[in-house]
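These notes concern the structure reproduced below.
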Amino acid sequence: MSEAVDTQALLDWYDDHARELPWRVGPRDRAAGWRPDPYRVWLSEVMLQQTTVAAVRGYFERFTALWPTVADLAAAEDARVMGEWAGLGYYARARNLLKCARAVVAGHGGRFPDTRDGLMALPGIGPYTAAAIAAIAFDRPEAVVDGNVERVMARLWDIRTPLPAAKPEIGAAAARLTHDARPGDYAQAVMDLGATVCTPRAPACGICPWMEACAGRAAGVVAELPAKAPKKARPLRLGHAYVARRSDGAWLLERRAGRGLLGGMLGWPGSDWDDAPDHAPPLEAGWRDIGAEARHTFTHFHLRLRVHVAEVGPDAAPARGEFLSPAAFRPSDLPTVMRKVFDLARGAFDTDMS
DNA sequence: AAAACGTGGAT
DNA sequence: TATCCAAGTTT
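The UniProt record's numbering numbers the first residue of the first sequence as 1 and each following residue consecutively.
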């Protein structure tokens with residue numbers, strides 16, 4: 001079966017059309033013997049989990065400028081790394097990033113394992129990321145199966161089983177095609193094909209190096225693949241957030257628990273997000289409901305937070321959280337939902353002063 | 001094994 | 001406005 005699919009044709013296409021990415025060693029440099037820094041491959045792969053290239057670029061540049069090596073990252077303070085990750089989402093990735101960096105330094109002499117199994121044993125590295133690092137950084141012939149590859153394989157072989165049930169079948173198809181001569185280039189080539197040609201909507205079949213072999217195209221079902229199981233509706237949750245500003249300009253903030261939603265991130269103290277009537281503000285103060293709510297949608301629910309503000313004196317003693325001076329508080333350290341709250345609250349304070 | 005876990009851009 | 005989607009992992 002797989003004889004009909006020409007992996008060399010894909011590599012030829014990649015040689016001409018590879019995307020230029022900050023973490024990538026392109027096909028020309030690879031042919032000259034260059035290999036990417038495993039640290040940068042790992043960092044980029046973790047950032048790219050469920051996240052677009054466009055969103056990752058800036059974060060990758062900032063992280064590598066601040067922490068050029070895995071040892072630098074391992075030595076960083078948790079709060080600094082979490083703050084730098086703020087806005088990118090899926091914050092367990094940042095927590096695991098630190099765990100992984102420290103494990104590589106403490107347990108592997110600062111060098112990443114060069115096998116899929118060795119990589120899989122590290123925090124935050126699953127089947128996809130382990131295969132990607134092994135292939136891209138170490139040229140091991142591992143099959144990388146991400147969302148791009150799932151889409152390409154489902155179409156190429158006309159696999160109509162809905163995801164995620166189709167994963168074993170798709171994985172087997174991907175493994176059959178893995179290229180022995182240029183594993184790193186091949187892995188990136190399939191993903192580039194999915195990202196730029198075999199796209200979710202309006203795929204450019206006319207310029208696809210695998211057009212002739214594509215069973216989905218022959219059957220005229222490319223637009224319907226891959227099939228996906230229906231998604232559940234997102235419920236609406238309600239809560240309250242409290243933004244206190246001290247007379248010296250300090251803000252009352254709280255470090256969230258180290259697991260679960262927004263775990264380890266900075267945020268405004270508030271109620272549980274269950275619309276319970278009996279929540280207490282974090283501080284005795286003249287709270288004012290600003291009459292606006294921050295709206296935010298997470299993966300599995302919609303959230304509306306009512307925003308309350310207060311200006312308090314220098315002796316204010318909060319029951320929760322701590323005051324951070326303007327010098328110690330960067331709004332960019334906040335996850336997006338908390339930044340929305342801050343923007344609304346700041347507008348309310350500004351209105352008061354005018 | 002199903003659910004939890006973020007966000008921004010495109011349609 | 002609502003939905004889909006993006007280089008998935010963990011529990």
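We treat Cβ as the ideally placed atom computed from N, Cα and C, and that holds for glycine.
Query	Result
At what residues does the beta strand (DSSP E) containing H17 begin and finish?	Per DSSP, H17 belongs to no beta strand (DSSP E); it is in the alpha helix (DSSP H), 7 to 17.
Assign M338 to buried or exposed, taking buried as 16 or more other Cβ atoms, counted over all protein chains shown, within 10 Å of its Cβ.	buried
Hey, which unbroken runs of the beta strand (DSSP E) at 3 residues or more fall wholly within the segment 210 to 295?	236 to 246, 251 to 255
Checking 8 angstroms against the spacing of the C-beta atoms, do R35 and W23 come in under that value?	no
Express the C-alpha separation of P235 and Y59 in angstroms, rounding to a whole number.	31 angstroms
Is it true that the segment 98 to 111 meets the segment 136 to 149, where meeting means three or more beta-carbon pairs spaced less than 8 angstroms apart?	no
Within the continuous beta strand (DSSP E) that includes V197, where are the two ends?	From DSSP, V197 is part of no beta strand (DSSP E); its letter is neither H nor E.
On a CA-only basis, which of W210, I290, A172, V149 is nearest L344? Give me that one, please.	I290
Tell me the rounded alpha-carbon separation between H302 and M265.	19 angstroms
By Cβ distance, which residues of its chain are closer than 7 angstroms to L324, with the 5 residues on each side in sequence left out?	A250, W251, L253
Report the three-state DSSP secondary structure of V309 (helix, strand or coil).	strand
Would you report the Cα separation of G126 and R93, rounded to the nearest angstrom?	11 angstroms
Taking the Cβ atom as the reference point for each residue, do P282 and G321 lie within a distance shorter than 8 angstroms?	yes
Looking only at C-alpha atoms, which of V145, L119, W273 sits nearest to H296?	W273
Quick one: measure Cβ to Cβ for D158 and V81, integer angstroms, because I've assumed they're closer than 8 angstroms.	That pair is no contact at about 44 angstroms.
Determine the contact status of C198 and R155, defining contact as a CB-CB distance below 8 angstroms.	yes
What's the C-alpha gap between I170 and A195?	17 angstroms
By Cβ distance below 6 angstroms, which residues in the same chain neighbour L225 in space, the five residues on each side in sequence not counted?	A154, R155, G216
Can you give me the start and stop residues for the alpha helix (DSSP H) that F60 sits inside?	53 to 66
When we look at the beta-carbon of K232 and count the other beta-carbons within 10 Å, is it buried (16 or more) or exposed?	exposed
According to DSSP, is R93 part of a helix, a strand, or is it coil?	helix
Tell me, please, whether the segment 83 to 92 touches the segment 56 to 70 by the rule of three or more beta-carbon pairs shorter than 8 angstroms.	yes
Alpha carbon to alpha carbon, what distance is there between L305 and A319?	20 angstroms
Would you check if the segment 253 to 262 and the segment 200 to 212 touch, i.e. whether three or more CB-CB distances between them fall below 8 angstroms?	no
Whose C-alpha, out of G267, R288, A241, is nearest the C-alpha of D275?	A241
Between A175 and the rest of its own chain, which residues show a CB-CB distance below 6 angstroms, the 5 nearest in sequence each way excluded?	A143
One question on the structure: do Y91 and G286 come within less than 8 angstroms of each other, judged by their Cβ atoms?	no
Can you have a look at M1 and say buried or exposed, based on whether 16 or more other CB atoms are within 10 angstroms of its CB?	Because M1 sits at a pLDDT of 45, beneath the cut-off of 50, its placement in the model cannot be relied upon, and the point is left open.
Rounded to a whole number of angstroms, what is the C-alpha to C-alpha distance between V38 and A121?	According to the sequence shown, residue 38 is Pro rather than Val. Whole-angstrom Cα-Cα distance: 16 angstroms.
Can you name, in chain order, every residue of its own chain whose Cβ lies under 6 angstroms from the Cβ of A132, other than the five neighbours on each side?	E45, V144
Roughly how many angstroms separate the alpha carbons of Y186 and L11, rounded to a whole number?	6 angstroms
A213 and Y14: beta carbons closer than 8 angstroms?	no
Which class does E322 belong to by DSSP, given the choice of helix, strand or coil?	strand
Between which two residues does the alpha helix (DSSP H) containing F138 stretch?	127 to 138
Which two residues bound the contiguous alpha helix (DSSP H) that contains E169?	167 to 177
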